[in-house]
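Asker:
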Amino acid sequence: MKKVFSIALGVLTAIGGFVDIGDMVTNSLVGARFGLSLAWVVVVGVLGICVFAEMSGRVAAVSGRATFDLVRERLGPRVGLANLLASMAVTLLTFVAEIGGVALALELATSVNYLLWIPLVAAAVWLVLWRTKFSIIENVFGLLGLALVVFAVAVWQLGPDWGMLWHDATHPTKPGTEGLPTYLYYAVALFGAAMTPYEVFFFSSGGVEERWRESDLTTMRNNVFVGFPLGGLLSLAIAATAALVLLPAGIQVDTLGQVGLPVAVALGKLGLAVALLGFFAATFGAACETGLSVGYSIAQYFGWQWGKYVRPRQAARFHLVLLLSAVIAAAVLLTTIDPIKVTEYSVVFSAVALPLTYFPILVVANDPDYMGNRVNGRLANALGTVYLVLILIVALAAIPLMIATKAGM
Amino acid sequence: MRPTWRSFGPALLVAGQLLAGCVTPATGADSYHDKASTTVGAAASEVATAQLTVRLVRRDRIQKPYADETVTASETALGSIGNAFGSVQPPTGDDRLRDEVTTLVSDAEDAVAHARIAVRRGDSRDLADAARELSRSAHQLAKAQQALS
Numbered sequence: 217m218k219k220v221f222s223i224a225l226g227v228l229t230a231i232g233g234f235v236d237i238g239d240m241v242t243n244s245l246v247g248a249r250f251g252l253s254l255a256w257v258v259v260v261g262v263l264g265i266c267v268f269a270e271m272s273g274r275v276a277a278v279s280g281r282a283t284f285d286l287v288r289e290r291l292g293p294r295v296g297l298a299n300l301l302a303s304m305a306v307t308l309l310t311f312v313a314e315i316g317g318v319a320l321a322l323e324l325a326t327s328v329n330y331l332l333w334i335p336l337v338a339a340a341v342w343l344v345l346w347r348t349k350f351s352i353i354e355n356v357f358g359l360l361g362l363a364l365v366v367f368a369v370a371v372w373q374l375g376p377d378w379g380m381l382w383h384d385a386t387h388p389t390k391p392g393t394e395g396l397p398t399y400l401y402y403a404v405a406l407f408g409a410a411m412t413p414y415e416v417f418f419f420s421s422g423g424v425e426e427r428w429r430e431s432d433l434t435t436m437r438n439n440v441f442v443g444f445p446l447g448g449l450l451s452l453a454i455a456a457t458a459a460l461v462l463l464p465a466g467i468q469v470d471t472l473g474q475v476g477l478p479v480a481v482a483l484g485k486l487g488l489a490v491a492l493l494g495f496f497a498a499t500f501g502a503a504c505e506t507g508l509s510v511g512y513s514i515a516q517y518f519g520w521q522w523g524k525y526v527r528p529r530q531a532a533r534f535h536l537v538l539l540l541s542a543v544i545a546a547a548v549l550l551t552t553i554d555p556i557k558v559t560e561y562s563v564v565f566s567a568v569a570l571p572l573t574y575f576p577i578l579v580v581a582n583d584p585d586y587m588g589n590r591v592n593g594r595l596a597n598a599l600g601t602v603y604l605v606l607i608l609i610v611a612l613a614a615i616p617l618m619i620a621t622k623a624g625m
Numbered sequence: 010m011r012p013t014w015r016s017f018g019p020a021l022l023v024a025g026q027l028l029a030g031c032v033t034p035a036t037g038a039d040s041y042h043d044k045a046s047t048t049v050g051a052a053a054s055e056v057a058t059a060q061l062t063v064r065l066v067r068r069d070r071i072q073k074p075y076a077d078e079t080v081t082a083s084e085t086a087l088g089s090i091g092n093a094f095g096s097v098q099p100p101t102g103d104d105r106l107r108d109e110v111t112t113l114v115s116d117a118e119d120a121v122a123h124a125r126i127a128v129r130r131g132d133s134r135d136l137a138d139a140a141r142e143l144s145r146s147a148h149q150l151a152k153a154q155q156a157l158s
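Chains A and B, in that order, give the protein sequences.
Whatever position you read off the first sequence (first residue = 1), add 216 for the numbering used here.
Whatever position you read off the second sequence (first residue = 1), add 9 for the numbering used here.
1) State the Cα-Cα distance for the pair Val32 of chain B and Ala596 of chain A, rounded to the nearest angstrom.
2) Would DSSP call Val481 of chain A helix, strand or coil?
3) Do we get a CB-CB distance below 7 Å when we pair Gln155 of chain B with the residues of chain A?
4) Check this for me: beta carbons of Val275 of chain A and Ala581 of chain A, under 7 Å apart or not?
5) Mind checking whether Ala497 of chain A and Gly317 of chain A have CB atoms under 7 Å apart?
6) For Leu462 of chain A, does the three-state DSSP call read helix, strand or coil?
7) For a minimum of 4 consecutive residues, which ranges assigned as the alpha helix (DSSP H) are wholly contained in the stretch 59–125 of chain B?
8) For chain B, check one thing: does any of its Cβ atoms lie closer than 7 Å to the Cβ of Ala542 of chain A?
9) Could you tell me how far apart the beta carbons of Pro478 of chain A and Leu462 of chain A are, in whole angstroms, since I believe they sit closer than 8 Å?
10) Among residues of its own chain, excluding the 5 on either side of Ala480 of chain A, which ones have a beta-carbon nearer than 6 Å to its beta-carbon?
11) Going by C-alpha to C-alpha distance, which of B:Thr85, B:Arg107, B:Tyr75 and B:Val114 sits closest to Val328 of chain A?
12) Alpha carbons only, please: which of A:Val337, A:Leu331, A:Ile514 and A:Ser451 is nearest the one belonging to Gly261 of chain A?
13) By Cβ distance, which residues of its chain are closer than 7 Å to Ala453 of chain A, with the 5 residues on each side in sequence left out?
14) Return no unless some Cβ of chain A is closer than 7 Å to the Cβ of Tyr41 of chain B.
15) Cα separation between Ala277 of chain A and Ala255 of chain A?
16) Would Gly292 of chain A be called buried (16 or more neighbouring beta carbons within 10 Å of its own) or exposed?
17) If the cut is a Cβ gap below 9 Å, which residues of chain A does Ser146 of chain B touch?
18) Say whether chain A places a C-beta atom closer than 7 Å to the C-beta of Leu61 of chain B.
19) Exposed or buried, what is Ile607 of chain A when buried is set at 16 or more other beta-carbons lying within 10 Å of its beta-carbon?
20) Does the contact criterion of 3 or more C-beta pairs under 8 Å hold for the stretch 117–128 of chain B versus the stretch 49–66 of chain B?
21) Kindly indicate which residue of A:Leu449, A:Val227 and A:Ala269 has the alpha-carbon position closest to the one of Pro413 of chain A.
22) Which residues, taken in chain order from the stretch 78–104 of chain B, show a beta carbon closer than 7 Å to some beta carbon of chain A?
23) For Leu2 of chain B, is the classification buried or exposed, using 16 other Cβ atoms within 10 angstroms of its Cβ as the cut-off for buried?
24) Going by CA-CA distance only, name the one from A:Ala611, A:Gly238, A:Ala385 and A:Phe419 that's closest to Thr310 of chain A.
25) Short of 7 Å in beta carbon distance, which residues of its chain neighbour Gly473 of chain A, apart from the five on each side in sequence? Order them along the chain.
26) Roughly how far, in whole angstroms, is the beta-carbon of Glu426 of chain A from the beta-carbon of Ser351 of chain A, given that I think they are within contact range, below 8 Å?
27) Just the C-alpha distance for Arg590 of chain A and Ala298 of chain A, rounded to the nearest angstrom, thanks.
28) Inspect the beta-carbon positions of Thr111 of chain B and Gly95 of chain B and report whether they are closer than 7 Å.
29) Suppose the cutoff is 8 Å on Cβ atoms and the five residues either side in sequence are ignored; what does the same chain contact list for Ala566 of chain A look like?
30) The alpha helix (DSSP H) spanning Met304 of chain A covers which residue range?
31) Is the shortest distance between the beta-carbon of Gln474 of chain A and the beta-carbons of chain B less than 7 Å?
32) Please confirm whether Gln149 of chain B and Leu106 of chain B have their CB atoms less than 7 Å apart.
33) Closer than 6 Å to a non-hydrogen atom of the ligand SAM - does that hold for the CB of Ala480 of chain A?
34) Would you mind sorting Ala139 of chain B into buried or exposed? The rule is 16 or more other CB atoms within 10 Å of its CB.
35) Closest to Gly466 of chain A by CA distance: which of B:Ser40, B:Gln60, B:His42 and B:Tyr41 is it?
36) On a CA-only basis, which of A:Gly501, A:Gln468 and A:Ile544 is nearest Ile231 of chain A? Give me that one, please.
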């Protein structure tokens, strides 16, 4: 019974914790502009994150060390440093976006300007990271993030032509009013949002925090192969609500408030209140995850003691990084930079950094010195290699597409 | 000579503008027409957001702070859209287009500002007036969009 509960809890938190500000904004923006014609990118992205999260989770369970703890040791300091700089820059940008997202959710709930919320949110995130147990952070915000299921309920309540929705999702065609570069730019953004590098940092380091062993592999795989795809369905539900309500109204999404409007149309005040709770939980949970990921990556590279499974005093430098990250995020946002713009750029730059994040995972997961007989099988290697090629193409195309389309305009 | 960060300054500025989609000078009539079309489209989106929000307020399907923030964001966005287009140097012969588009965006901003006032007051007559004004603005923007496409 305890095992079943553990699996169910893991799956539910994986679903609720899957969606963050990048997923919410990008899926709504794309749904309002392209309908469901880019839904295939979400499916491809979710399968990709499943492939690499399983590998990094397996590395954590078998070796007892986080994947990026092993990168410098296995690939040398230069590759390790390149990996650290690229992925940490993107993760820090994502952390800024998530804190901005929490502040925007609070602004929508209270009418108090989001800039006034920024210092409080940054302080609250840091306090939670400092004082709260890892399992509580993961479970509480993961479960509260399930409030975003309200978007799936809203799709059903809007009474769409299901056949048409299915047709749009399964027959991807570029709308006539949009250019091919713009279509591809948003495909890259969706892919980056689904495969954000911090997700594997967090997943692999979280496995060490929770002291996974080989006996936990089944639970881990359930989280990945059931929880993540269901989380991906939430992303698609957000896109579908935008396609059903915002697209016909000619609304282009550039604020978090617009993302929730279809829920209000479908379910009224109660539904919107649940959506707001989902916005808050998803962004606050992701802020904790990205903040921890910044600390994990720096501490693991320099070989410092890290993690929440030891007292803060024993991992002082790790906690100092968390504090500095929160201060930097607040400072960046207080320049009045638009958090939604930060989000849009963070998902595209995520796509650029993908090869540096995912290549080392594939290498370590194939090393018998660390993995023993749990090295990648043929299927994992085939999928990993195909995705690595895809990731490389996406990373090379991201910046030229951004320039050619003036960031999707 | 060793390159310094100063020598990359202009290149970085241009790259930054391109990336941020900031307003750049119109290089010809076509470019200016494209900018006008994009401006009208963006303004129409903000007016449509305000229209939907006012409709939800009138049906009591949205919380007041949420509606207030959504309409306020649209009003702010319209201000930026108008400023961005207004600061572009029009090519010779396109002054009339400039005037038409800036007037349309300014009217849209007024309509959304009235909607924001009505949402904050919560008065049903003000909301009905705001809905009518938004509808007019949306209609004019749609006509302009059609003419520019």
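Every residue gets a Cβ at the ideal spot worked out from N, C-alpha and C, and that includes glycine.
Since the model is a prediction, treat every value here as computed from it, not as a measurement.
Answerer: Result, derived from the coordinates:
1) Confidence in Val32 of chain B is poor, its pLDDT being 46 and thus under 50, which makes the residue's placement too unreliable to answer from.
2) Val481 of chain A falls in the helix class under three-state DSSP.
3) Not an interface residue.
4) Going by C-beta atoms, Val275 of chain A is nearer than 7 Å to Ala581 of chain A.
5) Cβ atoms of Ala497 of chain A and Gly317 of chain A: not closer than 7 Å.
6) Looking at Leu462 of chain A - three-state DSSP - the assignment turns out to be helix.
7) Entirely contained in the stretch 59–125 of chain B, the alpha helix (DSSP H) runs reaching 4 residues are, in chain order, 73–95.
8) So no, Ala542 of chain A is outside the interface.
9) Right, their Cβ atoms sit about 6 Å apart.
10) Taken in chain order, the residues that qualify are Leu488.
11) The residue with the shortest Cα to Cα distance from Val328 of chain A is B:Tyr75.
12) Ranking A:Val337, A:Leu331, A:Ile514 and A:Ser451 by Cα distance to Gly261 of chain A puts A:Ser451 first.
13) These residues qualify, in order along the chain: Phe367, Ala368 and Val371.
14) No, because no Cβ of chain A sits closer than 7 Å to the Cβ of Tyr41 of chain B.
15) Cα to Cα, Ala277 of chain A sits roughly 33 Å from Ala255 of chain A.
16) Around the C-beta of Gly292 of chain A, fewer than 16 other C-beta atoms lie within 10 Å, and the residue is accordingly described as exposed.
17) The contacting residues do not exist; Ser146 of chain B stays about 13 Å from chain A at best.
18) Residue-level contact by beta carbon holds for Leu61 of chain B and chain A, with a gap shorter than 7 Å.
19) Only buried fits Ile607 of chain A, as 16 or more other CB atoms lie within 10 angstroms of its CB.
20) With three or more CB-CB distances shorter than 8 Å, the stretch 117–128 of chain B counts as touching the stretch 49–66 of chain B.
21) The shortest Cα separation from Pro413 of chain A among A:Leu449, A:Val227 and A:Ala269 belongs to A:Ala269.
22) Those would be Glu78, Thr79, Ala82 and Ala86, in chain order.
23) The requested residue 2 of chain B does not occur in the structure, where chain B is confined to residues 10 to 158.
24) Among A:Ala611, A:Gly238, A:Ala385 and A:Phe419, the Cα nearest to that of Thr310 of chain A belongs to A:Gly238.
25) Leu324, listed in sequence order.
26) About 7 Å separates the two Cβ atoms, so the contact holds.
27) When the Cα atoms are used, Arg590 of chain A and Ala298 of chain A turn out to be separated by approximately 27 Å.
28) At the C-beta level, Thr111 of chain B and Gly95 of chain B come within 7 Å of one another.
29) First, the amino acid is wrong: residue 566 of chain A is Ser here, not Ala. Result list for Ser566 of chain A: Gly238, Val306, Thr310, Gly408, Ala409, Met411, Thr412 and Pro413, in chain order.
30) DSSP places Met304 of chain A inside the alpha helix (DSSP H), whose first and last residues are Thr283 to Thr326.
31) Contacts with chain B at 7 Å (Cβ-Cβ) include Gln474 of chain A.
32) Leu106 of chain B is positioned such that its CB atom lies no closer than 7 Å to that of Gln149 of chain B.
33) The ligand SAM is not part of the structure shown, which contains no ligands of any sort.
34) A residue is called buried when at least 16 other Cβ atoms come within 10 angstroms of its Cβ; Ala139 of chain B meets this threshold and is buried.
35) Out of B:Ser40, B:Gln60, B:His42 and B:Tyr41, the CA that lies nearest to the CA of Gly466 of chain A is found in B:Gln60.
36) Each of A:Gly501, A:Gln468 and A:Ile544 was checked against the Cα of Ile231 of chain A, and the nearest Cα belongs to A:Gly501.
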